[in-house]
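In terms of the UniProt record's numbering, the sequence shown opens at residue 1 and continues consecutively.
The structure appears right after this line, and notes come after that.
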Amino acid sequence: MDLLEERTRMPIRATYRAVGSGTGQAEFVGDANNAHTAYNHFGSGDVPMTADNYKSLGDNGRTMLHVPFALGAVSFFHSIPGLDMAHRRLNLTACLLSKVMQREITTWDDPEILVENPNMLEFSPDVAGKDIKVVHRALGSSSTSGATHYLHDACPTDWKLGYGKTVAWPAGTVSAQGSGGVASYLSSNEYAISYVDSGFGHSANLKEIQLQNKAGVFLNSLEANISSIAAEALKENILPSTPDADWSAVNLYNLDGADTWPITSFSYFYIDRDVTSLGESGALLKAFLEFVMSEAGQGMLSEFGFSPLPADLLAYNEETLGNVLTVDPAAAQWLLETKAKTQKYLGAGSYVLSEKRRSYGEYQRTVFASQLASLEFTMDGMMKDHAQLVAHNESLAALEKELEARKQEDGEMATSLAVLREQVLKHTHSKLEGGAELNEVRDVAIAGICLTFLVVFPLAVFNLVSIRRIKALNGLVLERNVGMTKLEGAGQV
C-alpha cells in the first residue's frame with residue numbers, strides 16, 4: 001500500500017490491516033453498530049464471500065463485487081529430520097493426510113505411510129515409533145478452509161471433519177496462532193505436520209510434503225503450474241458470469257491437469273458495486289485495483305509466494321472495474337503511468353500513480369533486494385561446494401580405509417614371502433648338498449624370484465596409485481576449503 005503513497009504527488013493515506021479472511025469478511029459486511037456498512041473501504045481474503053454474508057449484504061441493500069487478483073497455494077509441511085525436498089521427499093495422498101490430521105495414523109513409521117515412502121527408515125532411521133505432532137490454526141483462516149476443503153473433495157471416504165475456516169479438530173492436536181505460529185512450531189519441533197500458505201512456508205524454510213493431485217502425480221507447489229488452475233476454472237465454467245453474483249461455491253480444489261496444484265485458491269478484493277459515497281477515496285480505490293491488475297502489479301506477486309492471473313481473467317476484471325464498478329463522476333479520475341511508457345506532461349499531474357516516481361525508501365528496498373539476491377546466489381554456490389566437499393571427504397575416508405587394509409595385507413604377504421624365501425634357500429642348500437646340478441638349483445632360485453615379483457609388483461603399483469589418489473583428493477579438499485573460506489568472507493560482507 002505504501003507504493004500508492006510514494007508514486008503520487010497528491011498527498012494520500014492508504015493502509016491495510018491483516019486480520020485473516022474471516023474477520024475481513026465480517027468487517028466488510030458490517031453489523032448493527034454501523035448500520036451494516038463496511039468498516040473499511042474494501043475487504044480482502046483468500047476465500048469467496050460466504051453465502052450467508054452475501055445474503056446479509058443483499059438484505060441490507062448492498063451489492064458487492066468479487067475481484068480475484070492473485071492465485072495462492074496452501075501446502076502441507078513437515079519437520080522430519082533426514083528428509084528434504086530434493087531426493088528424500090515425503091509423499092502423502094489425500095487419504096493418508098486425512099488419517100494423519102484426524103489422529104487415526106499416529107506414528108511416522110505407520111505401514112500405510114511406508115508404502116508411499118519405502119526409503120523413509122533409511123533416510124531418517126530415528127523416525128521409527130515417533131509420534132506425529134499435528135498442528136492446526138487456532139482461529140478461522142482461509143488456509144484451514146483450503147486444506148479441509150481439499151481433503152473433503154479428494155478423500156470423502158476418510159475425511160470426517162467437514163470443511164471451512166474452522167473445524168472441530170480431535171484431541172491430541174496442537175493449536176497455533178496464525179501462519180507465524182504454525183511456522184514457529186514446525187521450526188522448533190521435530191516430527192510435526194501442518195498446513196500454511198505455500199509462499200509463507202517456503203519463506204520460513206519449511207519442508208513441503210509432496211501431494212498427489214487429481215491426475216495421480218506427486219509434486220510440491222514449486223513444481224506445479226499454479227496459474228493453470230485459473231484457465232482450468234474458466235474452461236470448466238466454475239466462475240460466475242458476473243462479478244456481482246454469489247461466488248460462495250467457487251472451488252478450485254483438486255481440479256484436473258497433470259501439473260495442477262490440488263489446494264489452490266484466488267485471493268479476492270471485496271468491494272461495493274457502488275462506491276459513489278466514498279467520493280475521492282472511491283476513485284483512488286479504483287486506481288489501486290487497476291494498478292494491482294497491471295503488468296507491474298501482477299509482476300510483484302511472486303515476491304510474496306503468489307501467482308499472477310491469466311490474460312482471460314485479467315480481461316474479466318478489466319470489464320468489472322471499467323463498466324460494473326460505479327465511482328463518483330465528480331471525483332478526479334486517476335492515471336496510471338507505467339515504467340515502459342512515459343506520459344509527457346500528464347505524468348507530472350497530481351492524480352497520477354507513476355511507476356517512474358520513487359521515494360528513497362523504495363530505491364533502498366530495491367538495492368537491498370538486489371544485494372539479498374546476490375547473497376542467496378553466493379550461498380547456493382557455497383552449499384553446492386559444501387556438498388562436493390563432503391563427497392570428496394567420504395571418498396578420501398573410504399580410500400584411506402582401503403589403503404589400511406592393503407597395508408595389513410602387505411604385512412601378511414611380507415611374512416609369507418619371508419617364509420617362502422627361507423623355504424627356497426633350504427631347498428637350494430639341500431639340492432647342492434645332495435649333488436644336484438647347478439642348472440637345477442638355478443631354476444629353483446629363478447622360480448622363487450618370479451613368484452616374489454608376481455606378488456609384490458601389483459601390490460606396489462596399487463599402493464603407488466592409492467597414494468597419488470589420496471594426494472590428489474587432499475589437494476582438492478584443501479582447494480575447496482580455501483574456496484569455502486573466501487565465500488564465507490564474501491557472504492559476511
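The beta carbon of each residue, even a glycine, is placed where N, CA and C say it ideally should be.
Source: prediction; values computed, not measured.
In three-state terms, what does DSSP make of residue i?
i	result
N205	coil
I271	strand
R13	coil
S179	helix
S137	It should be pointed out that residue 137 corresponds to Arg in this sequence rather than to Ser. Strand, per DSSP.
G491	Note that G491 has pLDDT 38, beneath the 50 cutoff, so the model's placement of it is unreliable and the number below is only indicative. DSSP places G491 in helix when its eight states are reduced to three.
F218	strand
F306	coil
S265	strand
T242	coil
T320	helix
T276	helix
T415	helix
T378	helix
residue 496	Not covered by the structure: residue 496. The range shown for the chain is 1 to 493.
S227	coil
S184	helix
D256	coil
Q343	coil
A283	helix
H87	coil
S98	helix
G349	coil
A300	According to the sequence provided, residue 300 is Met. The question's Ala does not apply to it. M300: coil per DSSP, three-state reduction.
E6	helix
V292	helix
S430	helix
V390	helix
To which residues of the same chain is residue i closer than 7 Å at the C-beta, ignoring the five residues directly before and after it?
i	result
T276	G282, T326, V327, D328
T107	G129, K130, D131, I132
V67	P243, Y268, F269, I271, L289, N317, T320
G30	H36, T37, A38, Y39
T332	One detail in the question is off: residue 332 reads as Ala in this sequence, not Thr. Cβ within range, chain order: E280, A283, Y351.
When DSSP builds the beta bridges, which residues end up paired with residue i?
i	result
Y195	F76
E337	S354
L211	L92, L219
V174	V135
T366	According to DSSP, T366 bridges with nothing at all.
T166	Note: T166 sits in no beta bridge, so no partner.
T326	D274
Alpha carbon to alpha carbon, how far is residue i from residue j?
i	j	result
L65	A204	34 Å
S430	E412	27 Å
S141	H78	20 Å
Q371	V115	44 Å
H136	G216	26 Å
residue 495	F266	The structure shown does not extend to residue 495, since the chain spans only 1 to 493, so no value can be given for it.
D160	H152	Checking the displayed sequence, the identity of residue 160 turns out to be Lys instead of Asp. Taking the straight line joining both Cα atoms gives about 8 Å.
D110	G172	18 Å
R406	D126	35 Å
I263	A168	20 Å
T260	E362	35 Å
A38	R365	33 Å
L336	T93	46 Å
G305	N237	26 Å
P11	S227	36 Å
A73	T342	36 Å
A230	M101	28 Å
L83	S198	18 Å
C95	L4	45 Å
A176	G257	33 Å
A14	V367	24 Å
Q408	K401	11 Å
A224	D59	41 Å
D246	L222	31 Å
Any beta-carbon of chain D closer than 9 Å to the one on residue i?
i	result
S307	The displayed structure is made up of one protein chain only, and chain D is not part of it.
Within its chain, find whatever has a CB closer than 6 Å to the CB of residue i; leave out the 5 residues flanking it on each side and keep chain order.
i	result
L301	A70, P308
R89	Q210
F218	N91, Q210, Q212
G22	G140, K165
G201	S75, F77
Starting from the C-beta of residue i, find all residues in its chain whose C-beta is less than 8 Å away, skip the five residues before and the five after it, and write them out in chain order.
i	result
R358	E6, R7
F377	none
List, from N- to C-terminal side, the beta strand (DSSP E) runs of 3 residues or more that fit wholly inside the segment 18-84. Taking 3 residues as the shortest admissible run, the segment 18-84 contains the following complete beta strand (DSSP E) segments, listed from N- to C-terminal end: 43-45, 64-78.
Which full runs of the beta strand (DSSP E) of 3+ residues lie inside the segment 103-164, going along the chain? 133-137
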